[in-house]
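Right, one structure below, let's go through it.
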Ligand code: ADP
Ligand code: ZN
Ligand code: ZN
C-alpha cells in the first residue's frame, strides 16, 4: 500500500493532484508541500491523505518535502476557501494559494528553515487604555443586540449616519469578544485608513496584540501577521479585503466597516467579495457579523429590511448637527470659470471665519482631455478607448486606464495648427483657479498624484488637522472616513457627470459618495454646509440627499429595481472575454451563449456585447450577462457551463467568469 497525498496547486485547473508520500499521516492535511510539477518545482497544499490513487503507480511522482515546520491550515479555514472556490467558480488550488501570503506560495530554498517566529507580544508599559465613551442610547441598543448573539451566527446592518459613533459600537463589541477569549476580525475598505484605525484601536486595548493585513505591508510583515493570527497570538486583526481569509482559530466576531465600498470586491482573477465571504465565514463559524455604513449597498439594505439581517440604526451624529446640504443651480451668467458666485462667496466667508473649506471634484489631473480648436482633434490613448488626461505643471498626457504617458505635442497631430487647449476641469486646474482667486489662502490638493510619495498623505492629514491649510481640493480620497474637525464647508463640482451612466448602480454609488463627502463637513462645533453645483437641482437623488433620507432613497431605488428585474431581485454573473479584436471576443461569447442554451435551466442569457471601455491596454473586451431569479439555479448552471467552457479551444481569447459583478 502506497501512501498518497492529494494536493491542490496554483494552476488554472479544476483538479487535484496525487503524489506519493511514504511517511504521510492524517496530520498532513492542510500542510504545504513542495512537489515537482512538469519541469518545475511548486508549492501546493495537502487536501487529503489516502492510500489509493487513480494514477498509475508508475506515473506517481513523490512529494519533495512537506513543510511540517509550518502550521497546517485548519478544517475551518479550508471550509471557507472551498466555499469561495465553489461560489465564485474559481479553481480551488488558485483560490487557496492566492489567499496565502506570497512567501508561502513559493518553494523555500532547501536549507533555510523559514518558520517565522511570532514576535513577542507587544505589551505596553503602562496600562492606561484610552477611555471608552459613555454610549448613547442608540449605541447601547446596538451593542446589546449584537452582544446577545455572541457565540452564534447572526448578521446585522449598523446603519448610522457619518459621525454617529459606529466605530465606538465596534470597539465595545470587540471588548466583549476579547473578554470571552475570542478573536475579532475587522475589515475596512482603505489601506490609507488602517494606520489611523490601528492606533485608535490599539489605544483602547493596549495589552492586546493587534495586527493589520493589507497590501501595503511587505511580505515579511504580512507573513508575520498572518502567522500571529493563525497561532492565536494576535487577538484583533484589522485589514482590507484580503484579510478575510486570515486563519483565526478563536474567531468570535467579524466587523465590515463601510460595507458598501466597492474595494471589498476583487475585480481581477479571483473575483470574490470580502463582504459576502465575511458573512459566509460568520455563518460557518457560528459567530455574529456586523456590517456598518451610512449608505449600505442595496443588497445589504434589502437583506436588513426583509428580515434576513437585523437592522440597527444610529440616526444622529454624536456631537454635531447634520450638515446643511444645498444645491446651487448652474447659471452661466453668474459663474467664474467652474465656480458659481454662491460657492465663491461661501468659500470667502469660510476663510474670514478661519474655517476650512473643501472643494470636491472627482477627477485628477489638470484637464480630462486636450483638444485642437481648429480641427477638433482629441488626445486619445492609442491602446485604450479613452482620452489622455492632461497633467501639469510639466505638461504630460496620461492614460488613467493603462498608465501610458507621453509629452504634449507642440502642434495638433492631425492638422498641424498650434491651437491645442485643455478641455474640462481636474483637481490641478481647480487648485490653480482657487490660488488665483484666493491669493492669501493656503490651498492643498489631495489626490492620488499628490499623495504618491510614502507618508505624504499622513503628513497632509496632519497639516489639515493643525490648520496649516485653508482650502482643500481633492478627489474621493478625501471622502472616506477622515475626521477633519475644522472643516466647515464642502463644495461639490461636476457631480452631474456621475449622475447619468449606463450602469444601473450609478445612482446608488453617487448617493453614497456625496453622503461621504458631505459627512466631512461640520464634525466640529459649527454646523457644516455642503453646496452641490448642478444643472438638475430637482433631481430626486439630490432631493433625497438634501433631506439626508437614505432610507427613502433606497426604498425608491429598490422599488425600481424590483420593477426592472435588477439585483438584488435577480442574481447575476458576467462572462468576460478579451482578445486582440473585439470580434474574436464576441465570437467566443456567442459560442458560450449557444453552449449555455444547450445546458438550459432557469437562467436568462443576454446578448454578448462589447464592454463599455472596449479597448484596454491594447486588448479588446466583450461580455455576456447571465442572470436568474434563483441563486441556486444560477450556480447549478454556472458549474456545468464553466466546466464545458473550460474544454473549448480558447487560445486566442482570455476569459473569466465573475459572480455578482458590481460593474457591468
Ligand atoms: P462613525 O464611525 O459613525 O462615522 P465615529 O465612530 O467616528 O462615527 O464617531 C464620531 C465621533 O464621536 C468620534 O470622534 C468618536 O470618538 C465620538 N464618539 C463616539 N461615540 C461617542 C459617545 N458615546 N460619546 C461621545 N463621543 C462619542
Ligand atoms: Zn487640429
Ligand atoms: Zn490607455
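Residue numbers (our numbering): 4 to 667.
Beta carbons are placed, not taken as given, at the ideal position from N, Cα and C, and that holds for glycine.
- Under the 8 Å Cβ criterion, the region 315 to 334 does not count as touching the region 453 to 468, having fewer than three qualifying pairs.
- Nearest Cα to residue 614 within the set 621, 629 and 585: 585.
- For residue 420, the distance from the CB to the nearest heavy atom of ligand 2 is below 7 Å.
- When DSSP reads this structure, residue 494 sits in a beta bridge with 362 and 534.
- Relative to ligand 1, even the nearest heavy atom lies 7 Å or more away from the CB of residue 466.
- Under the three-state reduction of DSSP, residue 6 is assigned to coil, being neither helix nor strand.
- One thing to note: residue 86 has its Cβ no nearer than 8 Å to the Cβ of residue 290.
- In the structure shown, residue 305 adopts helical secondary structure according to DSSP, grouped into three states.
- Taking the CA atoms as reference points, residue 610 sits about 18 Å from residue 645.
- The nearest non-hydrogen atom of ligand 1 is 7 Å or more from the C-beta of residue 485.
- Per DSSP, the beta-bridge partners of residue 291 are 157.
- Straight-line measurement puts the Cα of residue 45 at about 12 Å from the Cα of residue 106.
- Rounded to the nearest whole angstrom, the CA to CA distance from residue 292 to residue 190 is 11 Å.
- In chain order, the residues positioned with their C-beta nearer than 5 Å to some heavy atom of ligand 3 are 384, 386, 387, 402, 404, 405 and 407.
- For a cut-off of 8 Å, the C-beta gap from residue 216 to residue 242 is around 4 Å, short enough to register as a contact.
- At the C-beta level, residue 29 and residue 8 stay beyond 8 Å of one another.
- Looking at the DSSP output, residue 658 bridges to 580.
- Counting only runs of 3+ residues, the beta strand (DSSP E) found wholly inside the region 393 to 445 occupies 399 to 401, 408 to 410 and 423 to 426, in chain order.
- Here residue 574 is near residue 631, since their CB atoms are less than 8 Å apart.
- Cβ contact annotation for residue 261 (same chain, cutoff 6 Å, sequence separation greater than five): 192 and 296, in chain order.
- If you check the CB distance, residue 160 and residue 303 come in under 8 Å.
- Residue 5 and residue 20 have their C-alpha atoms some 15 Å from each other.
- The beta carbon of residue 497 lies closer than 6 Å to those of 364 in the same chain, with the five residues before and after it left out.
- It is roughly 49 Å from the alpha-carbon of residue 308 to the alpha-carbon of residue 374.
- Taking residue 329 as the centre and dropping the five residues before and after it, the same chain places the C-beta of 532, 533, 534, 535 and 549 closer than 8 Å to its C-beta, in chain order.
- Beta-bridge partners assigned by DSSP to residue 554: none are found.
- Rounded to the nearest whole angstrom, the CA to CA distance from residue 224 to residue 104 is 10 Å.
- Of all alpha-carbon atoms in 442, 67 and 437, the one lying nearest the alpha-carbon of residue 477 is that of 437.
- Separation of residue 238 and residue 211 (C-alpha to C-alpha, rounded to the nearest whole angstrom) is 6 Å.
- Just so you know, the alpha carbons of residue 283 and residue 362 end up roughly 40 Å apart.
- Residue pairing for residue 284: DSSP places it in no beta bridge.
- Membership of residue 518 in the alpha helix (DSSP H) is indicated by the continuous run 509 to 521.
- Put simply, the region 588 to 600 touches the region 619 to 636. At least three CB pairs are less than 8 Å apart.
- In this structure, residue 582 keeps its C-beta atom at 8 Å or more from the C-beta atom of residue 538.
- Under a 10 Å Cβ-count criterion, residue 280 is classified as buried, with 16 or more other Cβ atoms of the shown protein chains found around its own Cβ.
- Sorting 612, 568, 605 and 577 by C-alpha distance to the C-alpha of residue 589 places 612 at the top.
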